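Read the structure below first, then the notes.
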Amino acid sequence: MVNIVGNRLVRAPSVGGLIITDPKMTARAILQCRPNSHPFPERTLILDQPVKIGRSVARARPATNNAIFDCKVLSRNHALLWYENGKFYLQDTKSSNGTFVNNQRLSKGSEESAPREVCSGDIVQFGVDVMENSRKVTHGCIVATLKLYMPDGQEAKASI
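Structure below.
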């Protein structure tokens, strides 16, 4: 798609096949469900402000444009994801079951973590699987591939 800006033609950036037509282009994050995750539909998050990641409660219901999950191992206010000064950050907000980036836990249980820079392609995990004595998972956690897009629509750098 091409837009006319002033008297110039400008190609509109796309994210995941969607054309961004918002003139106030913002950073975005996409959470793609991994095979070892509690199932959820792909989420597209607009990062014009910090986005709360958490468990569904009465007023906050899961949707494809938020990071609220119907998942028992998440805290109501589990983590925050945001974009600032050209970088993306994830922070655990005192969750009980932890937040992980590429299998590394961000903080000890029920402690707030320092902001952690994240990159496109990182694997994020919210919570941990809860198992019965038979080692059968009774409540799965959220595991996702994180795809990050700069305000201009270009995919952010991948982790090294």
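Be aware that the sequence shown starts at 648, since it is given in our numbering, and climbs by one per residue. For each residue, glycine too, the CB sits at the ideal point set by N, CA and C. Quantities reported herein were computed from a predicted structural model and do not represent experimental measurements.
Query: Tell me whether Lys804 sits in a helix, a strand or coil according to DSSP, three-state version.; Result: coil
Query: Compute the Euclidean distance between the alpha carbons of Ser757 and Val698, then round it to the nearest angstrom.; Result: 19 Å
Query: Below 8 Å CB to CB, which residues in the same chain sit around Pro688 once its five sequence neighbours on both sides are set aside?; Result: Cys680, Thr711
Query: Take Ser603 and list the residues in its own chain whose beta-carbon comes closer than 7 Å to its own, dropping the five residues that flank it on each side.; Result: The first residue shown for the chain is 648 and the last is 807, placing residue 603 beyond what the model contains.
Query: If you reduce the DSSP assignment to three classes, tell me which class Cys766 lands in.; Result: coil
Query: Less than 9 Å separating the beta-carbons of Tyr796 and Ala676?; Result: yes
Query: Can you give me the Cβ contacts of Leu692 inside the same chain, cut-off strictly under 8 Å, excluding the 5 residues immediately before and after it?; Result: Arg675, Ala676, Ile677, Leu678, Val698, Asn712, Asn713, Ala714, Leu728
Query: Assuming Tyr730 and Arg763 form a contact by the criterion Cβ under 8 Å, report the distance between their Cβ atoms to the nearest whole angstrom.; Result: Actually they are not in contact, since the Cβ atoms of Tyr730 and Arg763 sit about 14 Å apart, beyond 8 Å.
Query: Using a 10 Å radius around the Cβ and a threshold of 16 neighbouring Cβ atoms, would you call Ser684 buried or exposed?; Result: buried
Query: Would you list, in sequence order, the uninterrupted beta strand (DSSP E) runs of no fewer than 3 residues that lie entirely inside the segment 772 to 804?; Result: 784 to 786, 789 to 796
Query: Where does Gln738 sit, in a helix, a strand or coil, going by DSSP?; Result: strand
Query: Considering only C-alpha positions, which residue in the set Gln696, Thr673, Arg690 is nearest to Val790?; Result: Arg690
Query: For Ser767, is the classification buried or exposed, using 16 other Cβ atoms within 10 angstroms of its Cβ as the cut-off for buried?; Result: buried
Query: Taking the beta strand (DSSP E) that Ala707 belongs to, which residues open and close that run?; Result: First-last for Ala707: undefined, no H or E at that position.
Query: Less than 8 Å between the CB atoms is what I'm expecting for Asn749 and Asp769, so what's the real figure, rounded?; Result: 6 Å
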